[in-house]
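Everything on this sheet refers to the single structure shown next.
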Amino acid sequence: MTKINIPFNRKMKGGALQYTIFIAVVIALLIIAFISLAFTQQHFKTKASHFLQAIHNTNLAVNYGATISTKYDETIELQFSDVFKDKTIITKEHWGVFDLLKASSTLRKETFTKNALLGGFLQNRPSLYVQENNQPLVLVGDSRIEGITFLPKQGIKRGTIAGNSFTGSQLIYGSIGLSSTKLPELKNREYLKRLTYGRIQFNNTVTLELNENTRFINSFNNPTQYFFSNTHINLQNIQLTGNIIIQSNSLIKIYPSALLADIILIAPKIEILQNVAGNFQAFATKEITIAKNCRLEYPTALVIYEKEQGNTSIVQAQQNVLGNQITIQSGVHINGIVGFLTGSQSNNFKPQILLENDSTIKGEIYCNGNIELKGTVMGSVFTKGFIANQFGSIYQNHIYNGNILSTNFPREYCGLTIKKSTKKVAKWLYY
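The number in this note's numbering is simply the position in the sequence shown, starting from 1, with 55 added.
Set out below in structure tokens:
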């Protein structure tokens with residue numbers, strides 16, 4: 056038998072030892088990298104899960120805030136899960152005719168904020184509501200009314216103006232109900248009055264420097280940027296977006312070079328020049344004029360709230376009323392709200408809202424006075440009455456070549472907060 060001696064104490068060469076150590080280090084690094092990658096993936100997965108849950112919570116909070124009656128400027132804290140220990144807060148503020156709802160959810164270290172404008176949603180939206188005024192509604196020329204209609208007890212009939220008779224095959228393409236002696240109530244009417252009269256004390260505001268070539272976007276998560284002037288304000292060569300209020304004690308004039316989005320304008324008189332495009336809310340006490348070919352996108356709101364006349368005589372009050380008007384010239388397209396509000400019960404023979412030929416409002420008109428309707432409304436009209444000024448004569452409660460249509464009008468439209476309406480999201484604010 057041959058005996059073999061194995062030299063266990065034989066020394067390895069230095070190069071082999073270094074190579075072995077190198078391999079061990081590489082393997083260790085790979086293991087560490089794998090563990091780190093797995094940990095990182097799990098961390099980001101958990102973080103993404105928390106962030107998605109925060110987004111879900113804000114959506115729940117917006118739906119909750121829209122469906123319940125909450126006080127303005129009050130913070131409400133919500134918790135949707137006992138497992139995640141999340142915290143969600145909502146606040147509701149006024150923003151013109153709409154409500155501004157802010158929802159913010161925090162879960163661990165992840166926070167998500169969402170802002171929305173809320174408007175009034177009507178399940179069975181009427182196309183036309185004419186206040187009981189002891190007069191029938193008279194259609195003349197190429198007039199057409201579609202949808203749910205509420206009229207005075209005298210109803211509706213065909214008419215003739217200067218030899219031009221009603222050309223339609225039927226008077227109403229829809230159902231007819233009886234109206235009352237008052238228009239459906241606006242929930243936020245008192246606030247709109249105080250806003251238009253300049254009686255709102257704007258808190259948490261920052262003074263805005265307003266110059267030509269200003270380009271400014273202000274998030275609704277920031278304090279409101281506010282600019283006030285006792286004199287005329289000309290908005291031209293300027294871009295203003297978001298949480299901004301511009302107020303004048305005289306006149307605001309908007310030029311087509313001004314790019315405005317979601318801001319609020321307040322003045323006794325507001326003049327929107329030809330070819331202006333954008334969306335904003337404008338509040339005046341005397342006049343709003345929209346020149347030809349303007350395109351005002353949703354959710355635009357143009358509102359006059361006529362100032363109370365106090366102890367003036369009836370004649371003086373009527374003379375003052377005649378000058379207060381929203382004039383919409385031809386070729387204008389408005390997606391949103393046009394409103395004339397007043398506490399006066401004076402009757403007059405002038406229109407408080409004039410919609411010229413070839414102009415369209417896709418949304419709502421709400422008028423405590425008379426409307427002269429020559430164009431088209433796709434949506435709803437709430438009015439005390441109509442006026443037709445034709446061939447040197449004035450015709451009460453007449454519509455001449457005007458249209459009120461419901462076909463293709465978005466069922467989910469949100470606008471004025473009529474008493475029977477519910478709140479839904481009119482627009483998400485992504486800034």
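For glycine and all other residues, C-beta sits at the position ideal for the given N, C-alpha and C. Keep in mind the model is a prediction, meaning the values are calculated, not measured.
What is the rounded straight-line gap between the Cα of K482 and the Cα of K212? 40 angstroms
Endpoints, the alpha helix (DSSP H) within which L247 is located: 244–251
For N273, I'd like the list of residues in its chain whose CB is within less than 6 angstroms of its CB, leaving aside the five on either flank, ordered along the chain. Q280, G297, N298, I299
Is it true that the CB of G440 sits closer than 7 angstroms to the CB of I392? no
Using the Cα positions of K405 and I449, report the straight-line distance between them to the nearest angstrom. 9 angstroms
Measuring CB atoms only, is the stretch 243–255 touching the stretch 331–342, in the sense that at least three cross pairs come out at less than 8 angstroms? yes
Using 7 angstroms as the threshold, is the C-beta distance between N214 and V185 below it? First, the residue type needs correcting, since residue 214 is Gly and not Asn in the sequence shown. No, these two residues do not count as a Cβ contact at 7 angstroms.
Inter-residue spacing [alpha-carbon to alpha-carbon] between G430 and L226: 17 angstroms
What is the DSSP secondary structure of G120, reduced to helix, strand or coil? helix
With respect to the beta strand (DSSP E) encompassing Y281, which residues constitute its N-terminal and C-terminal limits? Here the beta strand (DSSP E) through Y281 covers 279–284.
Have a look at K126 and T146 and give me their C-alpha separation to the nearest angstrom. 9 angstroms
Compute the distance between the beta-carbons of S401 and L177, then report whether it is under 7 angstroms. Contact: no.
Between the Cα of K474 and those of E165, P239, I420, spot the shortest distance and give me the residue it belongs to. Of E165, P239, I420, the residue nearest in Cα terms is P239.
With distances taken between CB atoms, is the gap from L410 to I389 smaller than 7 angstroms? No, the pair does not count as a contact, with Cβ atoms beyond the cut-off.
Kindly give me the distance between the Cβ atoms of N412 and S385, rounded to whole angstroms, as I take these residues to be in contact under 8 angstroms. 5 angstroms
Throw me the rounded Cβ distance for the L295 and I318 pair, which I believe falls under 8 angstroms. 5 angstroms
How far does the beta strand (DSSP E) with T438 in it extend, from its first residue to its last? 431–445
Quick check on DSSP: helix, strand or coil for F26? Since the first residue of the chain shown is 56 and the last is 486, residue 26 is not available in this structure.
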